[in-house]
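S.K.: This structure is in structure tokens; I'll ask about it shortly.
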Amino acid sequence: MRQHGTQPSDQEVMNLVVDGDFSQLDCLFDRYHRKLYAYCLRMTSNREVAQDLVQDVFLRVLKYRHTYQPGRAVAPWIFRMARNSSIDHLRRRGREVPHEDLDWEDPAPRLVPVEELQKREELAQLRSALDKLAVDRRDLLVMARFTEMKYDEIAESLGCSVGAVKVRVHRAMKELRELFGQLSREAVS
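Quick note, the sequence shown lines up with residues 16 to 204 if you use my numbering.
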């Protein structure tokens, strides 16, 4: 039994939603919308699209609530919906997506102008390299590196083993490094 004043767990909230208490969607939204927005933003590189995708995720939560398995972690289930929504969007728009000038990092202490310029160029090259990855590899790296998801949650979300996630992340990182290296060499030429 829950102590007075403690918050219900994600599983408890999701069970209430499954049972028809749709007011609990607000609680899930409060807990997940920032992480989902960050995920969708990194997948699409578009703020408006990311906001729309987050809304789509919560519509899917409502629509597919019956597929949630009680007692299972909510994060992998909800991120699977975000993944599907993002991939559906990217397939509709094509593989190449224009990227905005996004701040992917927390604001750093003020740098001298040359260092700041170099950092911005490197971040732009990283975004370009990430955009050039196949959608499934980009998705995996965003989950593994830019969200707070653990490998076991990613594995559950993707329906594979933790070992497979580690191998896929390693391969995707290797490909990202190669693409980043190519872009860096092209920038110097």
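The C-beta atom is built at its ideal place from N, Cα and C for all residues, glycine as well.
How is the alpha helix (DSSP H) around LEU148 delimited, first residue to last?
M.R.: Walking along the sequence shown from the start, residue 148 turns up at place 133. From DSSP, LEU148 is part of no alpha helix (DSSP H); its letter is neither H nor E.
S.K.: For GLU171, which residues of its own chain have a beta-carbon under 6 angstroms away from its beta-carbon, when the five flanking residues on both sides are left out?
M.R.: Along the sequence shown, read from residue 1 onward, the residue named residue 171 stands at position 156. Here the set comprises PRO91.
S.K.: Starting from the Cα of TYR83, find the closest Cα among ALA53, GLY35, GLN70 and give me that residue.
M.R.: Here residue 83 refers to the residue found at position 68 of the sequence shown. Per the Cα distances, GLY35.
S.K.: Specify, as a first and last residue, the run of the alpha helix (DSSP H) that VAL64 falls within.
M.R.: Translated into the one-based positions of the sequence shown, residue 64 becomes position 49. Note, VAL64: alpha helix (DSSP H), 62 to 78.
S.K.: Once you ignore the five residues that flank GLU136 on each side, which residues in its own chain have a CB closer than 8 angstroms to its CB?
M.R.: Taking the sequence shown and counting its residues from 1, the one referred to as residue 136 is at position 121. The answer, listed in chain order, is ALA202.
S.K.: Check whether the stretch 93 to 111 touches the stretch 47 to 54, counting contact only when three or more Cβ pairs, one atom from each stretch, lie closer than 8 angstroms.
M.R.: Counting Cβ pairs under 8 angstroms, three or more are found: they touch.
S.K.: Is there contact here, the stretch 143 to 163 with the stretch 67 to 87, by at least three beta-carbon pairs under 8 angstroms?
M.R.: Short answer: they don't touch.
S.K.: Please identify the residue among SER101, PHE161, ARG160 whose C-alpha is closest to the C-alpha of ASP67.
M.R.: As a working note, residue 67 is residue 52 in the sequence shown. The shortest C-alpha separation from ASP67 is found at SER101.
S.K.: So what's ALA187 in DSSP terms, helix, strand or just coil?
M.R.: One-based indexing of the sequence shown puts residue 187 at position 172. Reduced to three states, the DSSP call for ALA187 is helix.
S.K.: Leaving aside the five residues before and after VAL180 along the sequence, list all residues of the same chain whose C-beta is less than 8 angstroms from its C-beta, in chain order.
M.R.: The residue labelled residue 180 in the question sits at position 165 within the sequence shown. These residues qualify, in order along the chain: LEU155, ALA159, TYR166, ILE169, ALA170, LEU173.
S.K.: Taking its Cβ as the centre, do 16 or more other Cβ atoms sit within 10 Å of ARG108, making it buried, or is it exposed?
M.R.: Here residue 108 refers to the residue found at position 93 when the sequence shown is read from its first residue. Exposed, since its Cβ has fewer than 16 Cβ neighbours within 10 Å.
S.K.: Report yes if the C-beta distance between GLN22 and VAL32 is below 8 angstroms; otherwise report no.
M.R.: Counting from one through the sequence shown, the residue named residue 22 turns up at place 7. Counting from one through the sequence shown, the residue named residue 32 turns up at place 17. Not closer than 8 angstroms, so no.
S.K.: Could you tell me the alpha carbon to alpha carbon distance between SER81 and LYS189, rounded to whole angstroms?
M.R.: Working through the sequence shown from its first residue, we reach residue 81 at position 66. Working through the sequence shown from its first residue, we reach residue 189 at position 174. Looking at the sequence provided, one finds His at residue 81 rather than Ser. One C-alpha to the other measures close to 38 angstroms.
S.K.: Quick check on the DSSP output: the alpha helix (DSSP H) that includes MET158 runs from which residue to which?
M.R.: The count along the sequence shown starts at 1 and reaches residue 158 at position 143. Element bounds for MET158: n/a, residue is neither H nor E.
S.K.: Going straight from the alpha carbon of GLY196 to that of SER143, what length do you get?
M.R.: Counting from 1 along the sequence shown, the entry for residue 196 is found at position 181. Counting from 1 along the sequence shown, the entry for residue 143 is found at position 128. Going by the C-alpha atoms only, they are around 11 angstroms apart.
S.K.: Any idea what DSSP makes of ALA88, helix, strand or coil?
M.R.: Within the sequence shown, numbered from 1, the residue matching residue 88 stands at position 73. Note: ALA88 maps to coil in three-state DSSP.
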